[in-house]
Amino acid sequence: MNEKELLTKAVENGNRNDAQCLTRVLLEQGLAPLEIVEQALMPAMAVVGEKFKTGEIFVPEMLIAARAMKEAMVLLEPLMTKAGIKPKYTAVIGTVQGDLHDIGKNLVAMMWKGANFGVVDLGVNVPPDRFVAAVKEHNPHLIGLSALLTTTMPAMRTTVAAVRQAGFTSVKILIGGAPISEEFAREIGADGYSPDAGSAVDGAKKLLAN
Amino acid sequence: MSRYTTLAISEPNELRFGLAPKPLTTRHGMQIGGGTVYPELNFTLPPILVNAQTMPEIQRHYRQIITGALQRAVELECHGLVVEFETLPPMTENPVWGVDLAKILVDAMGEANAKHGLKSVLRMTPNDTREMERPPRMRTGQLWEAMLKTFEGAAAAGAELLSIESVGGKEVHDEALMIGDVRQVIFALCVMGTRDMRFLWTELGQIAQRHGVHCAGDTACGFGNTAMVMAEQRMIPRVFAAVVRAISAVRTLACYECGSVGPGKDCGYENPILKAITGFPMAMEGKTAACAHLSPLGNIAAATCDTWSNESVQNIKLLGGMAPTCYLEQLIYDCRLMNEALADGRDAALMYRNWMVRSDAARDPQAFVLTPENSIAIARSIVCAPNDFAAGKAAALTAISLLREGQRAGAVKIAAREQPWLDTMEEAVGSLPTTESEFINQMMGVVDTTKFVARDYGLAG
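Chains as they are written, first to last, in the numbering used here: chain A, 993 to 1202; chain B, 197 to 657.
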């Protein structure tokens, strides 16, 4: 196994120290930061994501791997920023106004980070104008809206309308939460619906590929 | 505040539906826990904004819900009915809205009593809106004041049972679930959670006293049920959720130590453990609450209930009628069956209880820890512990041990991939320090302290 493969394994196994050491070694060998991300870290997270999807591991085990990846990214991110390299996709996520539920939203954010999306988490009880401001500031490819209450579903509609009215017509909007349905997503002009956090990565990638 | 050091129910066969050693008598004369299981109806609005403009429409919804439900209760000769009004956040932030809606319900219930002799009681459950601010201010501020005003106004309007799904400790617990850290679970529930519960329920006790109403009880909904739903979605192991449930009983117990008398809140699936400790009646929800969320506890939850609830259903039209009316009918029939078993005597009731227990217990670790025998074992471990922290450790270790023994005996199915989690949790709990102060010192270096205001929990920041 070469160092790149060892780094992939270290992340898969959630070994934070090895992940950082091996990243340093690869940088010293002259590998570009983006190559390390794409050829060692992303394959590791793909394996971990697949294991989660097939029920082999749980979220905590996936998070251990994500934390190992984060250790590697501590070294890589400054170099990538310096070179003007950004994650392929950026997403803004939040629980809509009036709603305080955040664990579902947090899980989706975690899944997206694991898939190497840049994620801006606005928190809970987020009014439409804060979403609009975040879109202006971060120019994301994707917005994730979460709601758990039937009475905050209208806030999703308002948020989608506010984003579109502000002129951001190409940013994809993915919504989710217990009372949400595919039909509701269509009705309010969202681009997609995710039935649970586990399918949020596939759902987002599908939307972004279109 | 008094600490429970003994069990009110120590024999598994005494832990059963419809009967609590300390029943509660309401103004209409319902004796909850006195030999009859009552339906407890909960409901919510369909998608609609809650604001001053929509308030007339919202009031129409609540009138429609209560009118339809009471009429069906009369038609089905219901012995008595608990109605729960769980407010939505704007109704707690604007106490006048919440209290006006409570009055609509109380008036209709009073009228049904006068006209038809239908006994009923209103449980008022304002949201714990303290978490609308991040980090939450748990003991001061506008949100806290508005929440207390909602309680006060509803109690004055005739809501006889006060409840809440309090959130103290949730700032840390959500992450504990995501990373599967049982130490952090114990810190959230048995250090932060119990401290907040004691403060909150002491305040609520004063409101109840002023209006001659009852502190009914709290729930670990935002904790144990979040774990349960995550386990249902295969995000965390079921054994982990089962252990969280056992630990959560320590947190919920604090409201009874501060004067709550039941019926405990429906979504507190830890209630069988609490019934064994306190002897107070408990609300439960299971199969008839699938309208609100799925669970692996559909039948076993009814085994020890004193009121039987549907958790929440939107006021939408179904083929049979409006959804709250339909769900009340289901609850009434569920209760009729339990009451018929009770009427046939102890053996019949026990047989029915045992069927409900056995039909779920072996299929899921979360159901297994709630059998009457296991609930009592966990309850005993809690009352034998000298403080909340020790009780949390004891509840966790007892649940782990029961799950191991159950698996060995073939009494519960635990998936192979979940088995290492029993070892991980046992090691984590076993390695905790002996004293609470050492534990707090240790955990304050582990948890994200920016997410909560330490002094609101009586902790040094």
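For every residue, glycine included, the Cβ atom is placed at its ideal position computed from N, Cα and C.
Classification of residue i by the beta-carbon crowding that lies within 10 angstroms, buried from 16 upward
i, result
"B/Val292", "exposed"
"B/Ser627", "exposed"
"B/Ile473", "buried"
"B/Ala497", "buried"
"B/Asp584", "buried"
"B/Ile205", "buried"
"A/Asn1007", "buried"
"B/Glu327", "buried"
"B/Gln562", "buried"
"B/Met547", "exposed"
"B/Asn637", "exposed"
"B/Asp530", "buried"
"B/Ile512", "exposed"
"B/Ala656", "exposed"
"B/Met197", "exposed"
"A/Thr1142", "buried"
"B/Asp560", "buried"
"A/Glu1048", "exposed"
"B/Arg212", "buried"
Contact with chain D by residue i, beta-carbon distance below 7 Å
i, result
"B/Leu245", "Structure shown: chain D not included; protein chains present are A and B."
Closest residue to residue i among the options (Cα-Cα distance)
i, options, result
"B/Thr594", "B/Met424, B/Gly337 and B/Val435", "B/Val435"
"A/Leu1140", "A/Ile1056, A/Asn1117 and A/Met1034", "A/Asn1117"
"B/Val509", "B/Leu493, B/Pro459, B/Cys501 and B/Ala488", "B/Ala488"
"A/Glu1027", "A/Ala1060, A/Gly1136, A/Arg1122 and A/Leu999", "A/Leu999"
"A/Gly1115", "B/Ser577, B/Phe239 and B/Arg330", "B/Arg330"
"B/Ala442", "B/Glu428, B/Phe419, B/Lys461 and B/Pro459", "B/Phe419"
"B/Thr325", "B/Leu344, B/Lys315 and B/His312", "B/Leu344"
"A/Lys1197", "A/Ala1182, A/Leu1134 and A/Arg1059", "A/Leu1134"
"B/Glu428", "B/Cys386, B/His410, B/Leu396 and B/Leu493", "B/Leu493"
"B/Val457", "B/Thr503, B/His410 and B/Val446", "B/His410"
"A/Leu1071", "A/Asp1194, A/Met1102 and A/Leu1023", "A/Leu1023"
"B/Ala519", "B/Ser198, B/Ile228 and B/Gly264", "B/Gly264"
"B/Trp617", "B/Pro433, B/Lys218 and B/Arg549", "B/Pro433"
"B/Gly464", "B/Leu297, B/Asp502, B/Arg430 and B/Gly455", "B/Asp502"
"B/Gln526", "B/Leu277, B/Glu289, B/Ala423 and B/His312", "B/Leu277"
"A/Asp1188", "A/Asp1010, A/Val1100 and A/Glu997", "A/Val1100"
"A/Val1039", "A/Pro1025, A/Val1029 and A/Met1054", "A/Met1054"
"B/Ala486", "B/Asp392, B/Trp504 and B/Pro477", "B/Trp504"
"B/Ile228", "B/Cys580, B/Lys315 and B/Leu339", "B/Lys315"
Start and end residues, alpha helix (DSSP H) containing residue i
i, result
"B/Gln255", "Met251 to Glu271"
"B/Met334", "Where B/Met334 is concerned, there is no enclosing alpha helix (DSSP H), given that its DSSP letter is neither H nor E."
"A/Asp1121", "Pro1120 to His1130"
"B/Thr620", "Gln615 to Gly626"
"A/Asn1098", "Ile1095 to Gly1106"
"B/Gln405", "Thr390 to His407"
"B/Leu297", "Pro291 to His312"
"B/Ser444", "Arg434 to Glu453"
"A/Gly1136", "A/Gly1136 -> not in any alpha helix (DSSP H); beta strand (DSSP E) instead, spanning Leu1134 to Ser1138."
Terminal residues of the beta strand (DSSP E) in which residue i lies
i, result
"B/Cys411", "His410 to Gly413"
"B/Ala216", "Leu215 to Thr221"
"B/Met480", "Ala479 to Glu481"
"B/Phe281", "Leu277 to Glu282"
"B/Leu318", "Ser316 to Thr321"
"A/Val1111", "Gly1110 to Asp1113"
"B/Glu236", "Tyr234 to Asn238"
"A/Leu1023", "Taken as a continuous stretch (DSSP letters only), A/Leu1023 belongs to no beta strand (DSSP E), as it is neither H nor E."
"A/Gly1168", "Lys1164 to Gly1168"
"A/Val1084", "Thr1082 to Thr1087"
"B/Gly230", "Gln227 to Gly230"
"B/Ile360", "Counting along the chain, B/Ile360 falls outside any beta strand (DSSP E), and DSSP gives it neither H nor E."
Nearest-angstrom Cβ-Cβ length linking residue i and residue j, presumed shorter than 8 Å
i, j, result
"A/Ile1095", "A/Val1111", "About 16 Å; that fails the 8 Å criterion."
"A/Val1127", "A/Phe1160", "5 Å"
What are the residues of the segment 1037 to 1049 of chain A that lie near chain B, defined by any Cβ-Cβ distance shorter than 8 Å?
Residues Gly1047, Glu1048 and Ile1049.
Just by C-beta distance, which residues in the segment 1131 to 1163 of chain A are closer than 8 Å to chain B?
The residues in question are Leu1141, Thr1142, Thr1143, Met1145, Pro1146 and Ala1147.
Please identify, using Cβ separations under 9 Å, the residues of the segment 370 to 397 of chain B that lie next to chain A, in order along the chain.
Asp370, Glu371, Leu373, Met374, Ile375, Gly376 and Asp377
Members of the segment 406 to 439 of chain B near chain A, C-beta cut-off 7 Å:
Residues Thr422, Gln429, Arg430, Met431, Ile432 and Pro433.
With 7 Å as the C-beta to C-beta threshold (strictly closer), list the residues of the segment 308 to 329 of chain B near chain A in chain order.
Glu327 and Met328
When Cβ atoms are compared, which residues of the segment 283 to 294 of chain B fall closer than 8 Å to chain A?
Leu284, Pro285 and Pro286
Please name the residues in the segment 600 to 621 of chain B whose beta-carbon is closer than 8 Å to at least one beta-carbon of chain A, in chain order.
Arg613
Residues within the segment 1003 to 1031 of chain A neighbouring chain B, beta-carbon criterion of under 7 Å
none
For the segment 226 to 253 of chain B, list every residue whose C-beta sits within 8 Å of some C-beta in chain A, in sequence order.
Result list: Thr240, Leu241, Pro242, Pro243, Ile244, Leu245 and Val246.
Using Cβ-Cβ distances below 7 Å, what residues of the segment 499 to 515 of chain B are close to chain A?
When CB distances to chain A are screened at a threshold of 7 Å, the residues of the segment 499 to 515 of chain B falling below it are Gln510, in chain order.
Mind checking the segment 1053 to 1074 of chain A against chain B and listing, in chain order, the residues whose C-beta falls within less than 7 Å of any C-beta there?
Leu1055
Any C-beta of chain B within less than 8 Å: which residues of the segment 1093 to 1122 of chain A qualify?
Asp1094, Ile1095, Asn1098, Leu1099, Met1102, Gly1115, Val1116 and Asn1117
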